[in-house]
Structures are given as structure tokens and as C-alpha cells.
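Protein chains in written order, with the numbering used here: chain A, 78 to 433; chain B, 78 to 433.
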């Protein structure tokens, strides 16, 4: 049956310096094959595209191993089991796993755990919701930035209190939208930072943030925007971008502020993994008795189910929206990935590989 | 009586760019005068010299107001009450307060609280111990770096656990020696960073640190030293210096490390208050799920007595030493202050103005 299928794949051809272009990738095809005893065959439906993916292209030590040259590009996603010789997975099951940027994945029994393959229930959320607000990384490296990161970053590191001011960069992204909407539910004043007037408008109108600062509106826009929208300073800053925006927010911290370091998109395209300038205003941490703390979501794996239950409740009762930006077709992957860095996506970026 | 006395003073003549030199100061004399009703007259015995003083010379917003041009240089110190019209202070009392770099201070009743004037008990500790391991800032701005900073920075922000590795820059200074010895008492492995082989030797032999890294020993000395002496990474870093040393330690953090930002001596002599490069390795906080947090000791004022009692106990039973480097004579102040930045002092730097 599946032996007649052809698998289209996107592989890493060479490591990019700076922005990855189409020449960093190669497109391959191979026959799919049949699962051996204990294995499963999964058809990819949709893949999660995340800023962390850019980091995996660098040959540098991080908390996730780099993608090897010639390997299928790593990606987390949702698929359908189409053949199974494993009693834990039946044909027709919807699964979440490290599927890779390819149409099919044959997972031998010994790789199932490492792959992070788990069944998901589409009654709890839709495919795109499972990749967004309900998104969880099944294993280190599957997906760096999802609803779980937003949830545990805000709740565990940020510890929001009603009435506090929460600022979120990358406000229209997968993490940003979860953090902002959750902070609103917790009674905070929420100010986003995003690129472009249209996106800022969307963040306020669609996601319900109190305000959104357009960092592309010219020199000093972030500084002025923070002054206008955070008159009492910033109690919690959820940093998705690093760079100059981090510095601008550091300069506006309130006493006992918490800065959550989640990612640093502005730094990812640098050639090294931890490059560029550090936050020159870091001594604001001293003046304001503030703290800056990193979060890696995998540490919270034993509590994902709690976060998912809470967030799914908010999605069901309409207090939270899950906004996705869906791009179709495996062959669009190189350009789709770059949308994350050019700031084109409105909402969580999803690559739809096949219709359900 | 005191009306016949002459007060020698050191005043700020102009703000330094970079290192303060003798031409930034002026030396004045004026008659002392008598206290009015409710006031006290204090004779300065010894002054605390601290890295934070350099920051007060800049005309920049910080958590402490700058010293005004022509004002007597601000300094915390210990003195003796020599005339009093205030029932709370008797002639002969030893006091701790914002005495300033001068031989006498006449404090009117309405300024006593703001000055931070408090009686101290020389049975608990000697004059120099009160300026060092037992040192407390009586008011915002009096003294930035003392035993209290070390105590609350390590215990409250660092939260040391036995067996952890604690690294301390400025190891031979007032804060460093308190932090290191306290961390040893709490069962930690303690590695200092200091400038010069002689000072490192002193830190290990006199203060009992497990090791001390000489940052002046050449390029890569700190990196190599951390690798050698912290094979499992750094659990707690107490940063007194900022700059490249902070970056080197960030690169060696252990999981869930705590970085305590206490000061940034290497940055103080810059013309602006928050200048220079930020820590370019700050994303190590993300990789290692670590946190970096500022401490301002004044926040702990209601618990100073607890820390003093604990530390005085260690001094009495010999588990902790209070090491001071005493310079004599008010007129040596300009050069004495710079010893903090040239790294010449072994132990807490104290300016003795008069014999007790």
C-alpha cells in the first residue's frame, strides 16, 4: 500500500550565513516504504514554523543539536497515522511529533519516544490550535516557540499580578498572542510590540491587547511608545526578539520587574549562535531590583497537560483566540520560514503540507 | 567649645570624565559651629570608600542622586558625637551616618533621619568591621557596597545550597570577602576572581576561598580559570565588576544558575551612567534557564539587624574574617578612592580621618 507512495522532502544543503535562501535547501524524493514491527508511518498534515528553527541551522552548541547537512529539516507537526505495526497507534490516529519537512515519516519502534510522537485529540482543539496556543514541543528540538512556552514563561517566570503592565515583543506571533491574551485574562494591562501599523492594529483589534507599538515606525518609536503606554513602567517583559527592543524595554523597567528571555529572533540570523551586542542597559536590573530569566519549555513537560487544559478552556469559552497564518505546500518552505524574520506573519505560522 | 574647631572638607569641584583626578576635587575649610536645639555635632573617625561613589559623580539618574557640584563629597562613615542638643545622642556615642568627606559634621534635627545617623555598639564589632562585614548603608546613597549587600545578595537572590559552586568577582573587596566567606560557611565551593597573583594568593590564604582566578594573568585567564576551577559550571555568580568578566562567567553557567548584579566597577568610570557594552553572552540565561537579578541593599533595611547578628557571630567565633585596607588622612581621599578602580586595595578600603 504505502510502498507505492513517494515522499517529497526538504533537506539542509548547506548552512546559511545570515538569512537562509533557497540555495541552502535541497528537495529530494524517495520511496516511502512500510513500517517494520513496532513502527508507524505518518502522513504529514501541517508543520509548525518557528523562529528557533533558524538556530538549528547553525553548527553551534545550543540546548538543541544542529540539523545535520543533508538531513531532512527538523520540524514539529501534526500528521495522521496511515500504517501501523505498533499497538499504541492505530491507522487514522492524529499525532503530534517531530515529523520533519516532508510528506511522510516512517518511524521505527526505537525512535518513537525520541521523536516525541503522541496522539492528540481534535475534540480539544483543531490542528492549527494544537500547533499554536495548545502547542507543545514533544521533544527537545521539535518546536521552540509555542503556547506552552508562552504559558510557562508568563506564569512561572513572570508571575503576573492583576494591574501590572506586561509588554510583549513579537506580539503577533505564536508565543506573543498566547502571552498577551493570557495576561489580559489575568487582569494585566498588555502592550504589544510588533512590526508595521497593520500588524499592530491586528494585535489590538483581533487579539485584544490594550496597545501595540510599531517598532518600524521610526527611530525612537519603541522608546516613545513605551513612555506613552507604560506610564508606570514595565512590570513584566516577555522578550521574543532581543536586540534594540530589549534595550529599550530595559530602560523602562518598573521596580521588581521580570524580564523573560524566550528567544532572540533579531539575533538568530547572525552567523554564530550567541553573537551580536548584549543588552547595554542591563544595569537597569540593578537600579530596579529586577530580574531577567531564561525559559526553556522542555523543563515543564510534566505540566503541559495542566496548561493545555486551562488554555483549551479559554479557547472554548471564547476568552482566547488562536490565530494562525497558514501557508500551503511543502515546496514553499524556504520562503515561508523567512516570513518569521521579515515579520510578515500575522499569527502563528503554519505550513500546511496536506489537507486533512 | 566646638566653635573653635576648623572643619577640613573635600568637595566636588567638577564632574570627572573617566577617572577622577585631584583636579575634580577642592579642599575647603570652614568653622565648625555649635549644634542648634535637636542637632548633633559628629567628629569623623573613619569613612567607607566604595566603588558606588564613582557613580555619584555622574550627573545621571540612578537610584541615588548625584553629588552636587561644590557639595562636600558624600561618604558613609563612623564618628563620635562631640556635642549634642538631641536627647537620643549623647556626647561620646559612636555613630554611623552619612558623614561626608570632612572632619566634622553638624547635623540639624530635621536632617538626622535623612542622614541615616544611628548609634552603633563597638562591643559587636570594631570600627573597621562596622564599615566592612557588618557594614550597612544608613540611607540611600550612604554606601553602596558593604557586608549587607553581600549578605542579602548571596542569601536572598543567590539562595546558595551546599555543594554548589559560587564565583565572586572583586573577591578581595568588601562585598567579595563577605560573600565568599559566607558561601564557604554555607557549604559551597568558592572561587574568587581578583587582579594580580598577590591578591589571589591573599584571597585563598587569608579569606579561605577554594581558588582565585587572576584576571590580569593574560587573555583567556578568566575563561581558562573558570574551566579549571568550576568543572560543573557556575551555580551562583556574584558580579561586582561587569564587563568582560561577566561575559566569561555567563559562558560557564550551570543549569538554573543565579547571577547577582551588585555593581559594575568596570563600567563606573565611563562618562555616562549606563554605558558601554552589554553582556553579549546573555543568551546563556536562556540556554541554562538561569536568571540575572539586581540587588539594591536598601530594600532590606528592616532585616539588617538579622544579618548583622549572624555575621557578628561568625566574626566572634573566627569562622569569618573582616579584612580592611586602611588609608590615613583626609587629604589622601582623591588617590585613595582611585585605589578601588586600579585594584590596589586588599580588603575593604577605609579612609581613617582621625584616631579614635
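A virtual CB, placed ideally from N, CA and C, is assigned to each residue, including glycine.
Practice task
Leaving out five residues on either side along the sequence, give the residues of the same chain with a beta carbon under 7 Å from the beta carbon of residue 198 of chain B.
Solution key: none
Problem - Buried or exposed by the 16-neighbour rule on C-beta atoms within 10 Å, applied to residue 406 of chain B - result: exposed
Handout entry: N- and C-terminal bounds of the beta strand (DSSP E) containing residue 130 of chain B
Key = Run containing residue 130 of chain B: none in the beta strand (DSSP E); it sits in the alpha helix (DSSP H), 129 to 133.
Practice task
If I'm right that residue 434 of chain A touches residue 160 of chain A with Cβ under 8 Å, what's the distance once you round it to whole angstroms?
Solution key: This structure gives no information on residue 434 of chain A, because the portion of chain A shown stretches from 78 to 433.
Problem - Enclosing beta strand (DSSP E) for residue 405 of chain A [first to last residue] - result: 401 to 405
Exercise for the section: Determine the direct distance from the alpha carbon of residue 303 of chain A to that of residue 309 of chain A, and round the result to whole angstroms. Expected result: Near 10 Å, if we compare the C-alpha coordinates of residue 303 of chain A and residue 309 of chain A.
Practice task
Kindly indicate if chain A contains any beta-carbon less than 7 Å away from that of residue 332 of chain B.
Solution key: Not an interface residue.
Handout entry: Proximal residues of chain A, C-beta to C-beta of residue 143 of chain B below 7 Å
Key = Simply none; closest approach about 14 Å.
Problem - Length of the line joining the Cα atoms of residue 379 of chain B and residue 229 of chain B - result: 12 Å
Problem - Cutoff 7 Å: residue 367 of chain A Cβ touching any chain B Cβ - result: yes
Handout entry: Three CB pairs or more closer than 8 Å across the stretch 257 to 270 of chain A and the stretch 236 to 244 of chain A
Key = yes
Practice task
Have a look at B:83, B:385 and B:252 and flag the residue whose alpha-carbon is nearest the alpha-carbon of residue 104 of chain B.
Solution key: For residue 104 of chain B, the nearest C-alpha among the options comes from B:83.
Practice task
Return the residues of the stretch 178 to 209 of chain A that lie within a Cβ-Cβ distance of less than 9 Å from chain B, sorted by chain order.
Solution key: Listed by position along the chain: nothing, the set is empty.
Handout entry: Residues that DSSP places opposite residue 85 of chain B in a beta bridge
Key = B:106
Practice task
Sort B:266, B:311 and B:176 by Cα distance to residue 285 of chain B and report the nearest one.
Solution key: B:266
Exercise for the section: Please name the residue in A:264, A:263 and A:292 whose C-alpha comes closest to that of residue 277 of chain A. Expected result: A:292
Problem - Cβ-based neighbour list, residue 413 of chain B, same chain, cut-off 8 Å, excluding 5 preceding and 5 following - result: 126, 404, 426 and 428
Practice task
Report the rounded CA-to-CA distance for residue 157 of chain A versus residue 172 of chain A, giving the unit in angstroms.
Solution key: 6 Å
Handout entry: Beta bridge counterpart(s) of residue 179 of chain A as assigned by DSSP
Key = A:86
Handout entry: Simplified DSSP state of residue 226 of chain A, which is helix, strand or coil
Key = helix
Practice task
For residue 196 of chain A, verify whether its CB is less than 6 Å away from any heavy atom of the ligand SAH.
Solution key: Ligands displayed in this structure: none; no statement on the ligand SAH is therefore possible.
Handout entry: residue 254 of chain B, DSSP secondary structure in three states
Key = helix
Exercise for the section: Leaving aside the five residues before and after residue 212 of chain A along the sequence, list all residues of the same chain whose C-beta is less than 7 Å from its C-beta, in chain order. Expected result: Cβ contact annotation for residue 212 of chain A (same chain, cutoff 7 Å, sequence separation greater than five): 125, 220, 223, 224, 225 and 251, in chain order.
Problem - Neighbour flag for residue 381 of chain A against chain B, beta carbons, 7 Å - result: no
Practice task
Give a yes or no on whether 7 Å exceeds the smallest Cβ distance from residue 370 of chain B to chain A.
Solution key: yes
Practice task
Just the C-alpha distance for residue 275 of chain A and residue 290 of chain A, rounded to the nearest angstrom, thanks.
Solution key: 11 Å
Exercise for the section: Identify the continuous beta strand (DSSP E) that holds residue 313 of chain B and give its terminal residues. Expected result: Residue 313 of chain B: member of the beta strand (DSSP E) spanning 311 to 316, first to last residue.
Exercise for the section: For residue 426 of chain A, return the contacting residues in chain B, with the cut-off set at a CB-CB distance below 8 Å. Expected result: What residue 426 of chain A touches in chain B: nothing, since even the nearest Cβ is about 21 Å away.
Exercise for the section: Can you grab the Cα-Cα spacing for the pair residue 396 of chain A / residue 264 of chain A, in whole Å? Expected result: Their Cα atoms are separated by approximately 12 Å.
Problem - Delimiting residues of the beta strand (DSSP E) encompassing residue 429 of chain A - result: 425 to 429
Handout entry: Assigned secondary structure, residue 296 of chain B (DSSP; H/G/I helix, E/B strand, else coil)
Key = coil
Exercise for the section: Report all residues from its chain with a CB closer than 6 Å to the CB of residue 377 of chain A; omit the five preceding and five following residues, and keep chain order. Expected result: 229
Practice task
For residue 357 of chain B, decide whether its Cβ has a neighbour in chain A, counting only Cβ atoms nearer than 7 Å.
Solution key: yes
Exercise for the section: Check whether the stretch 310 to 330 of chain B touches the stretch 309 to 319 of chain A, counting contact only when three or more Cβ pairs, one atom from each stretch, lie closer than 8 Å. Expected result: no
Handout entry: Neighbourhood of residue 177 of chain B by C-beta distance below 7 Å, restricted to the same chain and skipping five residues each side
Key = 149, 150, 151 and 152
Handout entry: Endpoints, the alpha helix (DSSP H) within which residue 416 of chain B is located
Key = 410 to 419
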